[in-house]
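> Chains as they are written, first to last, in the working numbering: chain S, -5 to 531; chain Y, 2 to 98; chain W, -3 to 209; chain U, 228 to 547. I have a structure I would like to understand better, so I am pasting it below and will then ask my questions one at a time.
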Amino acid sequence: MRDAAVQHSYLDDGRTLRSWLLTTDHKRIAILYIVAITFFFFAGGFAAFLIRYNLISPKGLIGSAETYNRLFSMHGILMVWFFLVPAVPVTLGNFLVPLMLGARDLAFPRLNLLSWYLFMAAGVVALYAVVGGGVDTGWTFYTPLTSFYSQGHVIAAVVAIFIAGFSSIATGLNFIVTIHKLRAPGMTWYKMPVFLWSLYATSVILVLATPVLAMTLLLLAFERIFGIGVFDPAIGGDPLLFQHLFWFYSHPAVYVMILPGFGVISEIIPAFSRKELFGYKFVVWASIAIAVIGFLVWGHHMFVAGTSLYSALVFSLLSYMVAAPSAIKVFNWIATMHKGYIRFDAPMLYAIGFIGLFTTGGLTGLFLAALAADVHLTQTYFVVAHFHYVMVGGMVSAYFAGLHFWWPKMTGHMYPEMWGRAGAIIIFVGFNLTFFPQFLLGYLGMPRRYFAYPQHFEALNLLSSAGALILAVGYILPLGYLTWSLLYGERASANPWGATGLEWTTASPPPTENFAVTPIVTQAPYQYRQAEAVNHE
Amino acid sequence: MTAIVLRLVAVASLMFALLAAEFAATFVFSGWGRGGVAIIAITMAAVAAFGFMDLHQEDVTVWLFAAAAVLWLTILLGLGSLDPFTRSLFPTNSMTP
Amino acid sequence: MSDAAAHEFQFASAEHQRETAISGIWLFLATEALFFGPIFLSWIFARHADPSAFDVGGRRTDLTIGLANTALLIASSFAYGVGLALIGFGRRRGMVAWLAIAWALGAAFIGLKFGVEWRTELSEGLFPGAHFSIHGPARSGAQLFFAFYFFATALHGLHLLIGLGLLAWIIIQAERFTAENHTPVHVVGLYWTFIDVIWLILFPLIYLIGRAS
Amino acid sequence: MNFYVPSATVDGREIDFLILALSLVSCAVLALVFGLILLYMVRYRAESGVYRGAPGRKTWRFEISWTVATLAVFFALFIWGGDLYVRLFQPPADALQIYVVGKQWMWKVEHQGGQHEINALHIPINRPIQLVMTSEDVIHDFSVPAFRIKHDVLPGRYESIWFEAKTPGTFELFCTQLCGVGHYSMTGEVVVMSQPDFENWLSGGAPAGEREDLAAAGKELFTAHGCSGCHGEGGVGGTPATTGVNAPALAGLLGRSVKLQSGATVTADEKFIRDCILTPDKTPIAGYPQIMPSFSGQISEEKVLRLIAYIKSLKSGSRT
């Protein structure tokens, strides 16, 4: 059985470069994406490393404020649009959506391939912008700095993000239509794994928010090229309009980054607790609620920007509303662990790390939603720490959790377990050491995006930079042992974790057509039998 | 088939009538003003969606997508204009201290 | 592909594939609607900043051409609808004829908009910037209007150009379509009418609101 | 290393109190989350033989209760933060108004009596101060961490904040909105003084040097940096006969239209003059060879401002 599966695996279906670059197989496209975003992750990470290096000394070690500004802009742009937003949907999502649905492919396979090419084209333009001198506006591109004053390759960066946006839209559209139309017989909405629900919620945001960003960036480019436009204060235009439009996308985009992480964690916690997910419907509807309410809160990025007091009050109240569904999820995961049979394989360690870091990040978000507290804390390192806890501590941990969990399914090889656990622990420790001091820095008033800073912030910055070194080790480690496992890793069985879900019923790696016979779903997800023996093979 | 074409003719006629009404709201009935124009414009968009794009024949999925577009546009325009409409502006002409 | 029953391997049937394609294009149109969202919001912001000056700009537009163009697009959507109905009854040549009419009406819009209207406006110095020809207290607000105007119409025109390309592609590929199998005709038709819908909103924002009272 | 700097304003202390409350709530939740996770990790590890009992079925009671509890806490925090915020941005009528102009990359402050200062703000203690702020170019942000206050400073409009300092001393002032290359250097200090000291300072008695007339200082720089060597004394312009080179006249330049070699015409505003001094290669003037050296990195922004003030003061009557 296993031999037959290996022969027909999607990986063996053509070995030429052409067979990869012209593939419409969702699994192969997922692999193409993994290669691409891994590159961007380390490119953005390298910039982060240089930023932390610079901040070791209050005077700045890299010698030029301009270089520093370009570094953090590059870090932000690459990490947000070329890693965090696409990370889970285009890799794990692309691979798993049809498998979990019991479908043979996504609804529009050619669109899927096109979206990869768009993504790569965007990446090339972004790299051109970086190599050609960089951008010094930060990833937020605020006008009028970006439209009139900034030097550098603003237009190239804007074009890159514009193209990447269409790649996102294509992916989101594909997922939504696929989930609506290609569910296997018996796969009703409430029988879908939470991962699919969270990808659905993510796709809603991608499809409805990304076009707003695309148009906003076009307006920005228009203003920069022609020297006049709708954000131009000289003719009565409103620079805050740009911020409204930008955050209309960029705040929901935060949920694009974190919702798939919720999905991943909701798969892993039950699998390693051998227990049904606690409160399935609440978790599902919390995802949908986040996707909708997430669109109502963008104004909380602008509490000191000069918006009206009324709108600040409204946005503050709505921001608290969106925090509630996130809280629901955290409690549900913990309740799932209650009375379980918990195993501590690497995916579970990453998942537990995720819960801790995400909760910390989420709670500090409450500080920023409380209007008066936000006035003091915003635009300082407090904000930097807050969103890194959510994005990096949360999202990257979730991505690694999912990558380890489904790695045997994707590659047909097991990763070395001890190394996996070591990586999870190093990342958790390094992360906290890097970013916790930044909460204190922020409270003490250290502003963001400062190339040099007053002497009295030095000790905490030093601590943070030391943590970054450990974090770097933690991120390079998986790159090493996962690559190693491709060549030497133990062969994986179809279901090494004893997990539920359709993707585990087919071979590892799956055949090109996913399922020899279209499966018929009769059971709700996560039907784990307690104390079930886990055969590791 | 004739029925379909006749229906299209009816839809097109309705559109032209609404276009005329839009002009009337603008120039003739000054009391109607901008509100009337806005209402008629939205009506015309809806007529096009149902009459030309046959929204009524599509399944619930399509309805969901169309409703999402309208809802999210409302969020963008509604919450987006909350700020300028509740803010008092103090434009500065001279920029030197 | 010309076989009516053919469908891709992830679908259960040709009908399943058709339904999926139609819902896909509708979701894409939802995306497009949000794509135009910032233009509408910038209209709200810009007009709110100084309504009377903004309307001074609005009154400098060419209402005749605006009206003619609106009529052209409505007629064009109608023509496309007839073409789509004809292929539903297998009348391919009829479809080609009506689609050609729809194409010509769309092309006339482009010609009027960019060949006549834009050209006049550019020569009258209505493009915002140092050489903007409206002076006096309304100068800033009117520039804001024309920044909005040129951007919005350029973007709408771009969509229409893409639509013309798709329409031409449908006409060239007409041999492929039958009464049972003409999903692409349907899909392009939805897009074509959607461009019309966008214009139906832009038209009053540009030409009418500034003149209304 | 000091992890707490007491706020110098009354509202700032209230904000600290709010942050403290938020911290306590967060710590309680974190203790609960981490505590439960650790407890379950130990108690329910797969190897553990602890009795698990029958799996519970009803979940919605738990869901409803923790959702409602969360929302109740959130609402209380919202009311607290919102109330304070509204007070924070509603200045009392009797506040002393001071004007602040942000500009790449400096803060210019103008007091009611016409006293100017740069990258510094002197204020009296125990008196509400309202800052009326605008920007000459991009968005800046006026932030004084010790006062727990910050607000964006936008071009083309006035934004305002207010505070009442209760502690005398010198406090850090930051720009916290990315405003270009020099963003990190757009810092300064806020000096809180007693009312008599402040009066004294306003009248120019102390501290010395702060009230130097900008144009007079600029005139000195004009000679010291050799500007007059080409542009002539008093900026009358140079010819091969007078200064040895052709150099444009600077008197009466401000506000005039200038033709560039590229054919474009620009208005000579402050930014243009600044560009001409710092990056002359980018603004070659029609009719003159581009031989002006760049002073970028040689003179500070403040000095540029003084030079501009001096050039502004030159009357066009002296043009030759």
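We put the CB at the ideal spot given by N, CA and C, even for glycine.
Return the CA-CA distance between Arg218 of chain S and Val365 of chain U, expressed in angstroms with no decimal places.
In the first sequence, the residue the question calls residue 218 of chain S occupies position 224. In the fourth sequence, the residue the question calls residue 365 of chain U occupies position 138. So the two alpha carbons sit approximately 14 Å from each other.
> Which residues, in chain order, does the segment 54 to 71 of chain S contribute to contact with chain U at a C-beta distance below 7 Å?
So the list reads Ala59, Glu60, Asn63, given in the order they occur along the chain.
> Could you pull the start and end residues of the alpha helix (DSSP H) that Pro467 of chain U belongs to?
In the fourth sequence, counting from the first residue as 1, residue 467 of chain U sits at position 240. Counting along the chain, Pro467 of chain U falls outside any alpha helix (DSSP H), and DSSP gives it neither H nor E.
> Output the boundary residues of the beta strand (DSSP E) element that contains Lys548 of chain U.
Nothing about residue 548 of chain U can be read from this structure; chain U reaches only from 228 to 547.
> Which ranges would you report for the alpha helix (DSSP H) in the segment 103 to 161 of chain S if only whole runs of at least 4 residues count?
Counting only runs of 4 or more, we get 103 to 125.
> Less than 7 Å between CB atoms is the rule here; does Thr189 of chain W satisfy it with respect to chain Y?
For the purposes of this step, residue 189 of chain W is taken as residue 193 along the third sequence, with counting starting at 1. For Thr189 of chain W, the answer is yes, since a Cβ of chain Y falls inside 7 Å of its Cβ.
> Less than 7 Å between the beta carbons of Thr140 of chain S and Thr131 of chain S, yes or no?
Against the first sequence, residue 140 of chain S aligns to sequence position 146. Against the first sequence, residue 131 of chain S aligns to sequence position 137. Yes. Within cutoff.
> Looking only at DSSP bridge pairs, what is Ser387 of chain U linked to?
Taking the first residue of the fourth sequence as position 1, residue 387 of chain U is located at position 160. DSSP lists U:Val359 as partners of Ser387 of chain U.
> For Asp60 of chain Y, count neighbouring C-beta atoms within 10 Å of its own C-beta (all shown protein chains included) and say buried if the count is 16 or more, exposed if not.
For the purposes of this step, residue 60 of chain Y is taken as residue 59 along the second sequence, with counting starting at 1. Result: exposed.
> Would Leu176 of chain S and Leu105 of chain S qualify as a contact pair, given that the criterion is a beta-carbon distance under 7 Å?
On the first sequence, position 182 is the one that residue 176 of chain S refers to. On the first sequence, position 111 is the one that residue 105 of chain S refers to. Cβ atoms of Leu176 of chain S and Leu105 of chain S: not closer than 7 Å.
> By how many angstroms is the C-alpha of Ala306 of chain S removed from the C-alpha of Thr87 of chain Y?
Residue mapping note: residue 87 of chain Y aligns to position 86 of the second sequence, counting from 1. Residue mapping note: residue 306 of chain S aligns to position 312 of the first sequence, counting from 1. For Thr87 of chain Y and Ala306 of chain S, the distance between alpha carbons rounds to 10 Å.
> Should Val10 of chain Y be counted as a contact of the ligand ADP given a C-beta to heavy atom distance under 6 Å?
Absence of the ligand ADP from the depicted structure is noted, as is the absence of any ligand whatsoever, leaving it without description.
> By alpha-carbon positions, which one of W:Leu160, W:Gly137, W:Leu162, W:Val181 ends up nearest to Gly231 of chain S?
Mapped onto the first sequence, residue 231 of chain S falls at position 237. Of W:Leu160, W:Gly137, W:Leu162, W:Val181, the residue nearest in Cα terms is W:Gly137.
> Whole angstroms is fine: what's the gap from Ala446 of chain U's alpha carbon to Glu391 of chain U's?
The residue labelled residue 446 of chain U in the question sits at position 219 within the fourth sequence. The residue labelled residue 391 of chain U in the question sits at position 164 within the fourth sequence. The question names Ala, but residue 446 of chain U is Lys in the sequence shown. Roughly 38 Å between the two C-alpha positions.
> Only counting the same chain, and skipping five residues up and downstream in sequence, which positions put a Cβ closer than 6 Å to that of Trp292 of chain S?
Position 298 of the first sequence, counted from the first residue, corresponds to residue 292 of chain S. So the list reads Trp241, Phe242, His245, once near-sequence residues are dropped.
> Indicate the three-state DSSP secondary structure (helix, strand or coil) for Gly276 of chain U in the structure shown.
For this step, residue 276 of chain U is matched to residue 49 along the fourth sequence. Note: Gly276 of chain U maps to coil in three-state DSSP.
> Any C-beta of chain S sitting closer than 7 Å to the C-beta of Ser19 of chain W?
Along the third sequence, read from residue 1 onward, the residue named residue 19 of chain W stands at position 23. Yes, Ser19 of chain W lies at the interface with chain S (some Cβ there is under 7 Å from its Cβ).
> Quick one: Cα of Phe66 of chain S to Cα of Val124 of chain S, how far?
Within the first sequence, the letter at position 72 stands for residue 66 of chain S. Within the first sequence, the letter at position 130 stands for residue 124 of chain S. Taking the straight line from one Cα to the other gives about 11 Å.
> Can you find a CB in chain Y that lies within less than 7 Å of the CB of Leu68 of chain W?
Locating residue 68 of chain W in the third sequence gives position 72, where the first residue counts as 1. So no, Leu68 of chain W is outside the interface.
> Give the single residue among U:Val277, U:Gly456, U:Gly479, U:Gly461 whose Cα lies nearest to the Cα of Ala468 of chain U.
The residue you call residue 468 of chain U lines up with position 241 of the fourth sequence. For Ala468 of chain U, the nearest C-alpha among the options comes from U:Gly456.
> In chain order, what residues of the same chain lie with their CB nearer than 7 Å to the CB of Gln404 of chain U, ignoring the 5 residues before and after it?
The residue given as residue 404 of chain U occupies position 177 in the fourth sequence. Same-chain partners within the cutoff: Ile366, His367, Asp368, Asp379.
> Looking only at C-alpha atoms, which of S:Asn508, S:Ser487, S:Arg485, S:Ala486 sits nearest to Leu496 of chain S?
Position 502 of the first sequence holds residue 496 of chain S. Closest by alpha carbon: S:Asn508.
> What do you reckon, are the CB atoms on Ser73 of chain W and Thr189 of chain W nearer than 7 Å?
For this step, residue 73 of chain W is matched to residue 77 along the third sequence. For this step, residue 189 of chain W is matched to residue 193 along the third sequence. It is a contact, given that the beta carbons lie within the stated cut-off.
> At a CB-CB cut-off below 8 Å, which residues of chain W make contact with Leu74 of chain Y?
Within the second sequence, numbered from 1, the residue matching residue 74 of chain Y stands at position 73. Simply Ala29, Leu30, Gly33, Phe36.
> Would you say Ala178 of chain S reaches chain W, if we count a Cβ-Cβ gap shorter than 7 Å as a contact?
Reading the first sequence from its first residue, position 184 is the one you call residue 178 of chain S. For Ala178 of chain S, the answer is no, since every Cβ of chain W falls outside 7 Å of its Cβ.
> Measure the alpha-carbon distance for Ile61 of chain W versus Lys109 of chain W and round it to whole angstroms.
Residue mapping note: residue 61 of chain W aligns to position 65 of the third sequence, counting from 1. Residue mapping note: residue 109 of chain W aligns to position 113 of the third sequence, counting from 1. Looking at the two C-alpha atoms, the distance is approximately 7 Å.
> DSSP on Ala(-2) of chain S, reduced to helix/strand/coil?
The count along the first sequence starts at 1 and reaches residue -2 of chain S at position 4. Residue confidence is low: Ala(-2) of chain S scores 45 on pLDDT, short of 50, so the model does not pin down where it sits. No coordinate-derived value is stated.
> Just to confirm my understanding: we take Pro434 of chain U, look at its own chain, exclude 5 residues before and 5 after, and list those with CB closer than 6 Å. What are they?
Indexing the fourth sequence from 1 puts residue 434 of chain U at position 207. With a pLDDT of 48 at Pro434 of chain U, under the threshold of 50, the modelled position of this residue cannot be trusted, and the question is left open.
> Output needed for Leu480 of chain S: all residues of its chain with C-beta closer than 8 Å, excluding positions within five of it in sequence on either side, in chain order.
The residue given as residue 480 of chain S occupies position 486 in the first sequence. Excluding sequence neighbours, Leu480 of chain S sits near Thr405, His407.
> Looking at Gly424 of chain S: is its Cβ nearer than 7 Å to the Cβ of Gly468 of chain S?
If you number the first sequence from 1, residue 424 of chain S lands on position 430. If you number the first sequence from 1, residue 468 of chain S lands on position 474. Contact: yes.
> In the DSSP output, what is Arg485 of chain S paired with across the bridge?
As a working mapping, residue 485 of chain S is identified with position 491 in the first sequence. Partner(s): S:His407.
> Please name the residue or residues paired with Val277 of chain S in a DSSP beta bridge.
Counting from 1 along the first sequence, the entry for residue 277 of chain S is found at position 283. Paired residue(s): none; Val277 of chain S is not in a bridge.
> Just checking: is the beta-carbon of Gly81 of chain Y within a distance shorter than 7 Å of some beta-carbon in chain S?
Taking the second sequence and counting its residues from 1, the one referred to as residue 81 of chain Y is at position 80. With 7 Å as the cut-off, Gly81 of chain Y counts as an interface residue toward chain S.
> What does the Cβ neighbour count give for Asp99 of chain S, buried or exposed, with the cut at 16 atoms within 10 Å?
Reading the first sequence from its first residue, position 105 is the one you call residue 99 of chain S. The residue is buried, with at least 16 neighbouring Cβ atoms inside 10 Å.
> Just the Cα atoms here: how many angstroms apart are Pro402 of chain S and His380 of chain S?
Counted from its first residue, the first sequence places residue 402 of chain S at position 408. Counted from its first residue, the first sequence places residue 380 of chain S at position 386. Each residue's alpha carbon lies about 33 Å from the other.
> Entirely within the segment 303 to 339 of chain S and at least 3 residues each: give me those beta strand (DSSP E) ranges in chain order.
Those beta strand (DSSP E) runs which fall completely within the segment 303 to 339 of chain S and span 3+ residues do not exist here.
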